[in-house]
Amino acid sequence: MRLALGGFLLLAVAAVSLSPVMVVIVGSFEDSGAWRSLLLESGQARSALGYSVLFAARAPFAALIGFLLAWLLIRVRIPGREFIEFMLWIAFFLPLIPVTLGWMLLLDSPTGLLNRWLAALPFIDGPVFDVSSVAGILWVHMTASSVPVMVILLGPAIRQMDASFEEAGRVCGSGTFEVFRRITLPLLLPAIVTGAILGFIRGLEAFEVEQLLGVKEKIYVYSTHVYALINWEPPRFSEAMAMSTLVLGGLLVIALFYQRYTFERGHATVTGSGMSLREIPLGRGRWVLAGLFFAMVFVTVIVPIAFLLLGTSMTLFGFFHIPEPFTTEHWSTVLDDPSFVPSIVNTLILGLGAAALGVFAYAVIAYAVVRTRIGFRPLTNFLAWLPWCVPGILLGVGMLSLVLFTPFLTPLYGSIFVLVIAIAVAQLPLGVNMMKTSVVQIAPELEHASRVCGAGWWRTFLRIDIPLMKPMLISIFVLVTIAGIRDVSTVLLLAQPSSLPLSVLMLEYANNGDVEPAAVVGVFTSILVIVVAIAARRFGLQIGNPR
Amino acid sequence: MSGNRAGDSVLCVRDLVKRYGDAVAVDGIGFEVQEAEIFSLLGHSGCGKSTTLRMVAGLEEPDAGSIELRGATVSDAARGIHVPAESRNVGLVFQSYAIWPHMTVFDNVAYPLTVRRRDRADIRRRVLEICEVVGMGAFVDRPSTALSGGQQQRVALARAMVYEPDILLLDEPFSNLDAKLREEMRLQLQQVQARFNTTIVYVTHDQTEALALSHRIAVMRDGAVEQIGAPEDIYGNPANFFVQSFVGRVIVLRGEVGEAGNVHLQAGPEAVLPGAGKEFSGRAVRVTVRPEDIFLPEPSAPGDAVWIEGRIAARSYGGDHMDYTVAVDGAEFGLRLDKNALFAPGSAIRLGFAAEAARLWPA
Chain U
170 MRLALGGFLL LAVAAVSLSP VMVVIVGSFE DSGAWRSLLL ESGQARSALG YSVLFAARAP
230 FAALIGFLLA WLLIRVRIPG REFIEFMLWI AFFLPLIPVT LGWMLLLDSP TGLLNRWLAA
290 LPFIDGPVFD VSSVAGILWV HMTASSVPVM VILLGPAIRQ MDASFEEAGR VCGSGTFEVF
350 RRITLPLLLP AIVTGAILGF IRGLEAFEVE QLLGVKEKIY VYSTHVYALI NWEPPRFSEA
410 MAMSTLVLGG LLVIALFYQR YTFERGHATV TGSGMSLREI PLGRGRWVLA GLFFAMVFVT
470 VIVPIAFLLL GTSMTLFGFF HIPEPFTTEH WSTVLDDPSF VPSIVNTLIL GLGAAALGVF
530 AYAVIAYAVV RTRIGFRPLT NFLAWLPWCV PGILLGVGML SLVLFTPFLT PLYGSIFVLV
590 IAIAVAQLPL GVNMMKTSVV QIAPELEHAS RVCGAGWWRT FLRIDIPLMK PMLISIFVLV
650 TIAGIRDVST VLLLAQPSSL PLSVLMLEYA NNGDVEPAAV VGVFTSILVI VVAIAARRFG
710 LQIGNPR
Chain Y
25 MSGNRAGDSV LCVRDLVKRY GDAVAVDGIG FEVQEAEIFS LLGHSGCGKS TTLRMVAGLE
85 EPDAGSIELR GATVSDAARG IHVPAESRNV GLVFQSYAIW PHMTVFDNVA YPLTVRRRDR
145 ADIRRRVLEI CEVVGMGAFV DRPSTALSGG QQQRVALARA MVYEPDILLL DEPFSNLDAK
205 LREEMRLQLQ QVQARFNTTI VYVTHDQTEA LALSHRIAVM RDGAVEQIGA PEDIYGNPAN
265 FFVQSFVGRV IVLRGEVGEA GNVHLQAGPE AVLPGAGKEF SGRAVRVTVR PEDIFLPEPS
325 APGDAVWIEG RIAARSYGGD HMDYTVAVDG AEFGLRLDKN ALFAPGSAIR LGFAAEAARL
385 WPA
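Chains as they are written, first to last, in the numbering used here: chain U, 170 to 716; chain Y, 25 to 387.
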């Protein structure tokens with residue numbers, strides 16, 4: 170019985186997490202030329218790998234900056250820090266394409282608004298900024314996601330640190346700065362390193378920013394290169410799969426190292442005793458810090474959004490003095506596009522569907538792995554983790570091949586259901602992991618007490634476990650919903666005209682050079698995400714709410 | 025115990041075995057518990073007492089042996105019978121209380137009744153009644169996260185009793201409370217037990233608690249029962265050296281049995297127990313004496329007493345008494361004496377006991 174149940178669960182998880190990966194690996198060897206071309210000939214492939222690593226190498230810097238910002242936000246009573254933190258959450262949740270579009274309107278060379286303003290100054294010649302460059306891509310990534318993510322990720326580690334470690338340092342005679350340097354930083358270093366490795370892995374699979382800013386300058390990274398190969402006429406599947414296999418191998422090695430590292434070091438720092446950390450008194454200094462933080466939030470979050478909005482309604486972006494500077498043309502382009510309304514519906518189905526399916530599946534898997542004695546649990550656990558190091562574009566290629574080349578799955582081609590599955594699978598590692606922490610926190614006695622009181626397994630699960638896991642269930646639901654709305658790289662290759670979500674519609678506009686209509690769609694996706702985030706906050710999800 | 029048929033007892037445990045991999049947690053335990061009895065399982069941590077309790081509750085499945093509750097077999101490894109916990113009608117108070125944090129006091133206590141589909145008025149009446157009994161009447165609407173340790177304990181007790189289970193199982197229920205509160209809770213448990221005639225199996229490592237509370241005690245070691253008996257039996261007539269040294273305080277002296285069964289203690293030239301050790305002739309023995317049987321060489325001391333020589337290692341002032349640590353024959357033990365009996369640390373002391381008060385065990 171235990172073996173049968175365990176085997177069933179294992180097969181179910183393997184079907185969605187392992188098979189797309191296997192299809193890619195096997196597929197890469199079907200055409201022997203693919204590997205030869207990848208390893209020996211293709212200069213573009215090698216250049217793409219090089220750029221991927223170069224861009225991903227921002228992660229340690231982002232982790233360090235993020236840690237400093239998080240530490241200041243938590244330990245100094247900065248006026249308005251709730252707002253600052255909320256804006257960082259917004260930055261984290263906002264889809265990358267609209268933010269990138271905002272920066273393009275501002276920093277494009279030579280037509281970007283800032284460039285033209287600067288060119289008007291007497292002593293400046295030619296465009297100063299070029300967002301379509303290595304520096305531009307790094308800038309957008311750092312401000313739009315990397316740093317905010319690190320602040321959000323490292324905040325809990327700082328909050329959970331036992332205050333007595335720092336207090337002991339002070340009693341021994343160290344000042345605030347010395348305590349930070351000699352106690353806080355070394356204690357939290359494992360968390361920072363963990364964040365850096367995580368950022369590196371996520372950086373290797375980045376797609377949207379590089380697609381919008383890099384491709385026209387021939388700056389390809391792994392995922393944009395794969396996207397180009399698939400869009401070739403005819404599609405170069407084998408090469409895309411060979412390159413994916415290579416990247417997957419590398420990611421797997423890093424990810425396993427990461428697991429080992431977090432397993433060995435992870436437990437050391439978190440010893441929360443419930444004692445709250447002392448805040449650092451900083452008199453006037455905190456107003457200076459607040460000013461800096463507001464400036465940062467203003468520049469990195471509010472400015473690109475503002476220019477995105479402005480861009481959607483100007484005839485010629487940045488030209489205020491022409492006869493009719495403002496227009497509704499871009500809005501009507503989008504609103505009249507027959508695929509627009511279906512796209513909204515698809516996005517909602519995608520976000521909510523993946524969240525509903527995911528929350529249920531993650532809860533079952535996590536509970537089975539943590540609390541039951543069914544067979545194959547370690548293997549099931551590993552397979553649930555596997556998509557963690559599978560780039561979205563790779564998962565997309567794998568799913569697409571599965572659907573195209575498995576006879577009984579072909580009817581699903583072009584169906585939104587495939588996209589729903591893909592998002593649920595992409596979020597599987599995060600979801601199961603979060604659920605596991607929630608299940609572990611439910612003391613077994615709480616279940617046992619219910620059993621002894623006369624309730625069976627099912628009633629116990631419904632009345633004791635589910636209510637206790639409710640906050641986590643809601644959190645995961647929200648995160649998966651937002652992932653479904655934001656995601657581009659996973660669903661890009663799977664989306665067909667009938668199953669087109671907003672995110673892919675937006676990318677298609679942008680790829681065709683229609684930046685303003687893309688920005689209009691970007692406004693809609695951003696609003697959706699922000700609405701979900703605010704709703705989640707009302708449900709008590711910890712967003713932008715220190716302590 | 026020995027004279028009872030299985031049918032008379034509330035709980036009958038036979039030859040229970042539980043293994044975890046290679047480790048044997050419970051190794052062939054058997055006992056019976058009678059109606060309205062408080063029966064304690066006493067032993068060090070890891071002796072298998074909690075595992076035994078969990079098997080009775082149905083939370084663990086025995087590898088061998090059987091359990092009967094009110095004459096019905098609920099576990100029988102040989103016949104493959106294992107009634108799940110929810111169908112046993114037992115009450116269990118956990119060491120950690122296991123109060124559900126997402127429910128109020130009322131919801132926690134009402135839970136077993138809602139599971140049993142009682143009607144709402146009945147549930148309300150009974151929950152309020154039992155909460156009153158355990159002293160939580162004023163707190164029924166509190167969220168359970170706002171309770172102190174002692175209050176959680178009371179809620180756990182109320183929840184375990186509200187549905188009048190056939191038997192109430194308590195797993196070290198007071199071990200997380202401070203000494204004063206523990207005393208208070210123990211008294212309350214006794215009162216509640218007397219009022220409802222509850223049958224209780226009580227797991228504890230605290231021998232004082234077991235002695236004070238129980239009608240009968242099973243002393244356990246390494247997964248097996250060493251002795252079952254009333255507290256007076258266990259204390260006054262221990263079955264072996266382990267039981268005597270575990271239950272109550274004891275002074276252990278080394279001795280040699282000579283001819284005619286005379287026991288010569290190493291604790292002094294006059295320390296001889298005449299003819300006491302015939303069955304251990306020629307062998308080394310351990311002689312045990314309870315501290316309360318020790319007296320000082322005063323005129324009132326009996327003439328045929330056994331005298332041992334010791335040294336005061338330390339003393340501490342206790343108000344109406346003085347606590348001494350006495351070193352005898354290389355071992356130390358505590359001795360509480362009248363505040364007027366003054367000995368300086370380091371000074372020699374002579375202590376006596378009646379030969380009948382001593383027990384002999386093989387070394």
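Using N, Cα and C, we set each Cβ at its ideal position, and we do this for glycine too.
Query                                                                                                                                 : Result
Three-state secondary structure (DSSP) of tryptophan 331(Y)                                                                           : strand
Limits of the unbroken alpha helix (DSSP H) element including valine 503(U)                                                           : 498-505
Lysine 73(Y), DSSP secondary structure in three states                                                                                : helix
Distance, valine 572(U) Cα to serine 407(U) Cα                                                                                        : 16 Å
Below-9 Å beta-carbon distance, asparagine 113(Y) vs any chain U residue                                                              : yes
Outcome for glutamine 175(Y) when other beta-carbon atoms lying within 10 angstroms are tallied against a minimum of 16               : buried
Environment of isoleucine 388(U) [buried if 16+ CB atoms lie within 10 Å]                                                             : buried
Collapsed DSSP secondary structure at threonine 97(Y) in the structure displayed                                                      : strand
Own chain partners of proline 167(Y) with C-beta closer than 6 Å, once the 5 adjacent residues on each side are dropped               : Thr128
Alpha carbon of serine 64(Y) to alpha carbon of leucine 152(Y), nearest angstrom                                                      : 29 Å
Per DSSP, the bridge partner or partners of glycine 376(Y)                                                                            : Phe319(Y) and Trp331(Y)
Buried versus exposed, by CB contacts within 10 Å (16 or more), tyrosine 226(Y)                                                       : buried
At least three beta-carbon pairs within less than 8 Å, the segment 207-218 of chain U to the segment 286-303 of chain U               : no
Beta carbon proximity, isoleucine 543(U) to chain Y, threshold 9 Å                                                                    : no
Chain Y contacts from the segment 630-643 of chain U (Cβ-Cβ distance under 7 Å)                                                       : Ile633, Pro636 and Leu637
Whole-Å CB distance - alanine 381(Y) paired with aspartate 317(Y), under 8 Å assumed                                                  : 4 Å
CB of cysteine 155(Y) within 9 Å of CB of glutamate 92(Y), strictly                                                                   : no
CA-to-CA distance, arginine 628(U) to leucine 642(U), given in whole angstroms                                                        : 18 Å
Under 7 Å from the C-beta of leucine 478(U): neighbouring residues of chain Y                                                         : Within chain Y, no residue comes near leucine 478(U); the closest Cβ sits about 43 Å away, beyond 7 Å.
First through last residue of the beta strand (DSSP E) which encompasses serine 384(Y)                                                : Reading off the sequence shown, one finds leucine at residue 384(Y), where the question assumed serine. Start and end: 383-386.
Same chain, Cβ closer than 6 Å to asparagine 221(Y), neighbours up to 5 away in sequence not counted                                  : Ala60
Under 7 Å from the C-beta of leucine 615(U): neighbouring residues of chain Y                                                         : Ala122 and Trp124
Neighbourhood of phenylalanine 319(Y) by C-beta distance below 8 Å, restricted to the same chain and skipping five residues each side : Ala325, Ala329, Leu375, Gly376 and Phe377
Neighbour-count burial assignment, arginine 307(Y), 16 or more Cβ in a 10 Å radius                                                    : exposed
Residues in the segment 240-265 of chain U having any Cβ partner in chain Y nearer than 9 Å                                           : none
C-alpha gap between threonine 312(Y) and arginine 429(U), whole angstroms                                                             : 55 Å
Spatially closest choice to threonine 228(Y) from Asp32(Y), Ser69(Y) and Ser33(Y), by CA coordinates                                  : Ser69(Y)
Test item: CB-CB of isoleucine 585(U) and glycine 520(U) under 9 Å                                                                    : no
Neighbourhood of valine 114(Y) by C-beta, 8 Å cutoff - its chain only, sequence neighbours within 5 removed                           : Val80, Ala81, Gly82, Leu93, Pro189, Asp190, Ile191, Leu192 and Leu193
Beta strand (DSSP E) segment containing aspartate 347(Y), residue limits                                                              : 345-352
Per-residue DSSP class, three states only, for alanine 182(Y)                                                                         : helix
Presumed contact (8 Å Cβ cut-off) between leucine 674(U) and serine 482(U), rounded CB distance                                       : Actually they do not touch by this definition, with Cβ atoms about 19 Å apart.
Whole-number beta carbon distance between valine 318(U) and phenylalanine 261(U), since they are thought to touch under 8 Å           : 6 Å
Assumed close pair isoleucine 382(U), valine 309(U) - CB separation to whole angstroms, cut-off 8 Å                                   : For clarity, residue 382(U) is leucine in the given sequence; the question names isoleucine instead. Yes, they are in contact, since the Cβ atoms of leucine 382(U) and valine 309(U) sit about 7 Å apart, within 8 Å.
Best match in Gly452(U), Thr414(U), Ile366(U) and Ser392(U) for proximity to leucine 233(U) [C-alpha to C-alpha]                      : Ile366(U)
8 Å contact criterion, which isoleucine 651(U) and aspartate 634(U) should meet: CB distance rounded                                  : Contact doesn't hold; Cβ gap of about 25 Å is too wide.
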